[in-house]
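All remarks here apply to the structure that follows.
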Amino acid sequence: MTISERLTADLKAAMKAGDKLRIEAIRSARAALQSAQLEAAKARYDAAARAIEQQYAGDATAREAALAAISADGHQALEPAAEEAVIAKELKRRHEAAEMYRKGGRLELAEREEAEIVILQAYLPRMLSADELRPEVAALIAELGLSGPAAMGKLMPVLLERFKGRADGRVLSQVARELLTGA
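Quick look at the structure:
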């Protein structure tokens with residue numbers, strides 16, 4: 028079952044239960060997914076149009092006919108990885124909002140954002156903790172032969188690629204910094 032399907036089913040259940048916070052969080056996530064679907068459809072259409080423009084540069088009639096035949100299906104489902112990326116982006120947005128609300132002294136709004144974070148995290152695979160990451164990051168540091176805080180610039184791109192979707196970037200950075208500085 029895709030994230031979109033799970034969101035739809037959970038929205039129905041939340042509506043029946045009258046859980047307003049869950050309803051709002053799920054609707055927001057569904058809207059973000061729908062927006063991403065439309066952006067992906069636009070990108071596909073634009074790429075096809077550019078290819079047609081190049082292919083039929085000298086023949087205006089054939090170019091117009093080919094452009095008219097392009098399908099701009101905005102309802103084509105996103106790949107699972109793209110869905111996860113959208114939900115992860117929504118989580119990041121909520122983390123940042125909660126942090127800003129806390130700095131601004133708006134604790135009730137920060138708590139609301141954090142409650143939505145908990146709801147949306149259920150739609151992503153479990154992230155690795157710092158304790159789970161430490162041995163793997165240490166092994167990678169040894170494999171690459173890196174040492175000292177100056178190596179962060181070389182290490183982070185490799186870590187982000189290797190642990191994409193499995194670990195939070197902030198946690199990765201913290202663990203890498205600890206291991207490189209020997210703290």
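Using our numbering, read the sequence shown as starting at 28 and increasing by one per residue.
For glycine and all other residues, C-beta sits at the position ideal for the given N, C-alpha and C.
Nothing here was measured: the structure is a model prediction, and the numbers come from that model.
Counting beta carbon pairs with one atom in the stretch 154-171 and one in the stretch 193-204, are three or more of them shorter than 8 Å? Flag = yes, the stretch 193-204 and the stretch 154-171 touch.
How would you call residue 82, buried or exposed, if buried means at least 16 neighbouring beta carbons within 10 angstroms? Residue 82 is exposed by the Cβ-count criterion.
Counting only the same chain and skipping the five closest in sequence on each side, list residues whose C-beta sits under 6 Å from that of residue 208. Excluding sequence neighbours, residue 208 sits near 176.
Tell me which residue opens and which closes the alpha helix (DSSP H) that residue 192 is part of. That residue, residue 192, is in no alpha helix (DSSP H); it is neither H nor E in DSSP.
Can you tell me which of the three DSSP states residue 106 falls into? Coil.
Assign residue 110 to buried or exposed, taking buried as 16 or more other Cβ atoms, counted over all protein chains shown, within 10 Å of its Cβ. The residue is buried, with at least 16 neighbouring Cβ atoms inside 10 Å.
In three-state DSSP terms, what is residue 77? Three-state DSSP puts residue 77 in a helix.
Among 94, 56, 154 and 88, which one has its Cα closest to the Cα of residue 73? It is 94 whose Cα lies nearest to the Cα of residue 73.
Please name the residue, chosen from 146, 108, 193 and 75, that lies closest to residue 51 on a Cα-to-Cα basis. For the residues 146, 108, 193 and 75, the minimum Cα distance to residue 51 belongs to 146.
Assuming residue 23 and residue 124 are in contact, meaning their beta carbons sit under 8 Å apart, how far apart are those beta carbons, in whole angstroms? Given that the chain is displayed from residue 28 to residue 210, the structure contains no residue 23 and the question cannot be resolved.
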